[in-house]
Every structure is written in C-alpha cells, then in structure tokens.
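Asker: Quick note: the sequence shown uses our numbering, first residue 3, plus one each step.
Built from N, CA and C at the ideal position, the CB exists for glycine as well.
Starting off with a structure, shown below.
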Amino acid sequence: MIYQYKFEKILTIKEKEKNDALSKYNEALKKFEDAAEKLYKLLRKKEDLQAFQQEKLHKGLTVQEIRHNQLFMDNLEKIIEHCQKSVIDARYRMNLQQEKLMERNIEVKKYQKIRERDFGRFLEAIKEAENKNMDEISIQQFLSKEN
C-alpha cells in the first residue's frame, strides 16, 4: 500500500506561493535596508557639516561662505526629507510583504497538518489490516490443528 496525499498538488502550489512571497519579502527588506542606510549616511553628513560650520563660525567666516554653507545645508535637508519618504515607503512595502509571507506560511502549515493527520490515519488503516490478517492466519492455524 502506497500513501498518496490527496492535496499534494495544492500543497506544492501553496509552497511555491510561499517561496515567491519569501523572495519578494527579502527583496523589500533589502530595499528598506538600502534606503535606511542612505538616510543614515545623509544624516551623518548633515551632522558633520553642522559641526564643521560651528567650528568655522568660531574662527570667522565671510558672508559669502555663510550663504554658501546655508544653501548647501538647505539642499541637504531637502534630500534628507525625500530620503525619509523613501524609507517610510520602503518600510510600508516590507511590512506588506511580511504580512503576505505570514499568510502564505499559515496556509502551507494548514495543508501540512492535514497531510500529517491523513498519514496517521493511513498508518492506522495499515496496522488494522495487518492485525486482521494476523487474526485470520491465527484462526486458520487453529482450525488446521483441530482437524
């Protein structure tokens, strides 16, 4: 007797969907990490620039240098703001993919649990059939000894 799971094709499809969701989640995670790292570097650059400007202010700056530094700082803040939006968007996409992955994983686990129970019933049926055969053999042996 060979065990054949009746939902094997469905389980295979669900596992494929789960693997697809996992790859999409990993891709979204990578994009989020890249965006967050870019934001971190920009914030670090802004911090360094502010420290540099403070140092220069103590030593003395021309009005032209102050304007130039302020313009550079304004542009940097615009880039940071844009990058923050990118990080928020990337985090949203990552969380969305994580939810989809969790849903797919739950579906796969349901079908695997059904398979485990079905396989358990299959084993019980085999055991029962073996016991029946053993009983029949015992009865035949007993009857043949009496004759």
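#1: Using 10 angstroms around the beta-carbon of Gln99, count the other beta-carbons present and answer buried if the total reaches 16, otherwise exposed.
#2: For Met3, count the other beta carbons within 10 Å of its own beta carbon; 16 or more makes it buried, fewer makes it exposed. Which is it?
#3: Which residue marks the beginning of the alpha helix (DSSP H) containing Gln6, and which one marks its end?
#4: Below 8 Å between beta carbons: does that hold for Arg123 and Lys20?
#5: Distance, Cα to Cα, Leu125 vs Lys8?
#6: Give me, in chain order, the residues of the same chain whose beta-carbon lies closer than 6 Å to that of Gln55; leave out the 5 immediate sequence neighbours on both sides.
Answerer: To lay it out plainly:
#1: Within the sequence shown, the letter at position 97 stands for residue 99. Counting Cβ neighbours within 10 Å, Gln99 comes out buried, since at least 16 surround it.
#2: Position 1 of the sequence shown, counted from the start, is the residue given in the question as residue 3. By the 10 Å Cβ count, Met3 comes out exposed.
#3: Working through the sequence shown from its first residue, we reach residue 6 at position 4. Neither: Gln6 is in no alpha helix (DSSP H) and is coded neither H nor E.
#4: Mapped onto the sequence shown, residue 123 falls at position 121. Mapped onto the sequence shown, residue 20 falls at position 18. Not in contact: Arg123 and Lys20 (Cβ atoms no closer than 8 Å).
#5: Along the sequence shown, one-based indexing puts residue 125 at 123. Along the sequence shown, one-based indexing puts residue 8 at 6. Distance between the alpha carbons of Leu125 and Lys8: 15 Å.
#6: As a first step, residue 55 must be located in the sequence shown, where it is residue number 53. Closer than 6 Å at the Cβ level, and outside the excluded window around Gln55, lie Asn71.
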